[in-house]
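**Q**
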Amino acid sequence: MRSIYLVAYDVTENKRRTKIFKKLKGYGESVQYSLFRCALTPGERLRLRSEMWELINHATDRVLLVDLGPDEGRGRSALESWGKPLEDPANHTGILIV
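Under our numbering, the residue at position 74 of the sequence shown is numbered 162, and the numbers go up by one with no gaps.
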């Protein structure tokens, strides 16, 4: 069962920030600068955590993971935005290669 997560990051160095952005693109959609919406299984969440753990500088960077709830429940409607509409991730297909 997938849950919806917001993943926000504050990374001080440009090269590392770009790596984190590219990594997160494989897990979800960018909804704002340094903010992603990801629908993750428990295993994907653990893998994402492990990958972020390896990429960040633990003294200067920060990654925040917020669980919005199940994809088929509250998680899908928990995020509200104004202005430019968010794209529906159901309209995208992707392949995650590990």
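Just so it is clear, CB atoms sit at the ideal spot from N, CA and C, and this is done for glycine as well.
1. In whole angstroms, give me the CA-to-CA distance for LYS110 and LEU156.
2. Our contact map puts ASN145 next to ARG104 with C-beta atoms below 8 Å; I'd like the distance itself, whole angstroms only.
3. With respect to the beta strand (DSSP E) encompassing ARG125, which residues constitute its N-terminal and C-terminal limits?
4. Using the Cβ count rule (16 or more neighbours within 10 Å means buried), how would you classify LEU184?
5. Under the three-state reduction of DSSP, which class applies to ILE108: helix, strand or coil?
6. Measure the C-alpha to C-alpha separation of GLU139 and ILE108 and round it to an integer number of angstroms.
**A** Taking the coordinates as given:
1. In the sequence shown, counting from the first residue as 1, residue 110 sits at position 22. In the sequence shown, counting from the first residue as 1, residue 156 sits at position 68. When rounded, the distance between both Cα atoms is 22 Å.
2. On the sequence shown, residue 145 is found 57 positions in, with the first residue counted as 1. On the sequence shown, residue 104 is found 16 positions in, with the first residue counted as 1. With a Cβ gap of about 7 Å, ASN145 and ARG104 count as contacting.
3. Locating residue 125 in the sequence shown gives position 37, counting from the first residue. If you look at ARG125, you'll find it in the beta strand (DSSP E) that goes 123-128.
4. Position 96 of the sequence shown, counted from the first residue, corresponds to residue 184. Note that LEU184 scores a pLDDT of 44, beneath 50, so its modelled location is shaky; the value from the coordinates is reported in the next line. Its Cβ having fewer than 16 others within 10 Å, LEU184 is exposed.
5. Along the sequence shown, read from residue 1 onward, the residue named residue 108 stands at position 20. Helix.
6. Locating residue 139 in the sequence shown gives position 51, counting from the first residue. Locating residue 108 in the sequence shown gives position 20, counting from the first residue. When rounded, the distance between both Cα atoms is 9 Å.
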